[in-house]
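Let me begin by presenting the structure, written as structure tokens, before commenting on it.
Residue numbers (full-length UniProt numbering): 1 to 195.
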């Protein structure tokens, strides 16, 4: 029987042995790796390529940034974290949105501005050129709101700023309609239908 397996190692195998240049022959381990890396970087630099600085290279700083950074100190500083509300106000002011934000806050903060009792019975519906339209749930509440209109304007000005709301237009609920169907012919106008 013939054996298919060689039990003796092949001594003529030159592919397994690494080829080391003569100037690196005396180096072993990490020294060999460092020298090879330096040569590779040098070859890349000679071709005009940008090479990394690695872990041991000096830290390069931009030419314009000569000032050394320091701690901000115990007092407030521009580098300290800012409140989100303050940042949003600064953004609205810088973009020219302050007037629109103030108008929106009249609607968003209505209950806090006028109080719970008034907010339960009246809602703001429109704000056009400084005139705030407020719809009351009944004609009695509309009359009451007209009586305290100056106090409401003062509260709104204190909450959102002067000039946002210049006057109030207080309206009652919409009256009943006797229109039936799709088409309508004008009648003789409202009459005393309540006896």
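Positions of the beta carbon are idealized from the N, C-alpha and C atoms, including for glycine. Everything numeric in this text was worked out from a predicted model, so none of it was measured.
Take every Cβ of the region 157-169, pair it with every Cβ of the region 118-137, and state whether three or more of those distances are shorter than 8 Å.
-> Touching, per the Cβ criterion.
Could you spell out where the beta strand (DSSP E) holding residue 167 opens and where it closes?
-> Residue mapping note: residue 167 aligns to position 167 of the chain shown, counting from 1. Looking at the DSSP string, the run of the beta strand (DSSP E) that includes residue 167 is 167-171.
How about residue 114 and residue 152: do their beta carbons lie closer than 8 Å?
-> Position 114 of the chain shown, counted from the first residue, corresponds to residue 114. Position 152 of the chain shown, counted from the first residue, corresponds to residue 152. Yes, these two residues count as a Cβ contact at 8 Å.
What are the boundary residues of the alpha helix (DSSP H) that includes residue 32?
-> Residue 32 sits at position 32 when you count from the first residue of the chain shown. First-last of the alpha helix (DSSP H) with residue 32: 30-46.
Bridge-paired residues (DSSP) for residue 143 | Within the chain shown, the letter at position 143 stands for residue 143. Residue 143 pairs with nothing; no bridge assigned.
Should residue 156 go down as buried or exposed, given a rule of 16 or more other Cβ atoms within 10 Å for buried?
-> Residue 156 sits at position 156 when you count from the first residue of the chain shown. Residue 156 counts as buried, since at least 16 other C-beta atoms from the protein chains shown sit within 10 angstroms of its C-beta.
What's the C-alpha gap between residue 86 and residue 160?
-> Residue numbering aside, residue 86 sits at position 86 when the chain shown is read from its first letter. Residue numbering aside, residue 160 sits at position 160 when the chain shown is read from its first letter. One C-alpha to the other measures close to 15 Å.
What are the boundary residues of the alpha helix (DSSP H) that includes residue 87?
-> Residue mapping note: residue 87 aligns to position 87 of the chain shown, counting from 1. Taken as a continuous stretch (DSSP letters only), the alpha helix (DSSP H) holding residue 87 covers 84-95.
Distance between beta carbons of residue 127 and residue 103, contact taken as under 8 Å = Looking up residue 103 in the chain shown gives position 103. Looking up residue 127 in the chain shown gives position 127. The pair is a contact, with the Cβ atoms about 5 Å apart (cut-off 8 Å).
On the three-state DSSP scale, how would you describe residue 160?
-> One-based indexing of the chain shown puts residue 160 at position 160. Reduced to three states, the DSSP call for residue 160 is helix.
Using three-state DSSP, classify residue 154 as helix, strand or coil.
-> In the chain shown, residue 154 corresponds to position 154, counting from 1. Helix, per DSSP.
Assuming residue 141 contacts residue 122 under a Cβ cut-off of 8 Å, what Cβ separation, rounded to an integer in Å, is found between them?
-> Start at 1 with the first residue of the chain shown, and residue 141 comes out as number 141. Start at 1 with the first residue of the chain shown, and residue 122 comes out as number 122. Indeed, because the Cβ distance is near 6 Å, the residues count as touching under 8 Å.
Could you please give the first and the last residue of the uninterrupted beta strand (DSSP E) stretch that includes residue 122?
-> Residue mapping note: residue 122 aligns to position 122 of the chain shown, counting from 1. From DSSP, the beta strand (DSSP E) with residue 122 extends over 122-128.
If we count the other Cβ atoms within 10 Å of its Cβ and call it buried at 16 or more, is residue 178 buried or exposed?
-> The count along the chain shown starts at 1 and reaches residue 178 at position 178. Exposed, since its Cβ has fewer than 16 Cβ neighbours within 10 Å.
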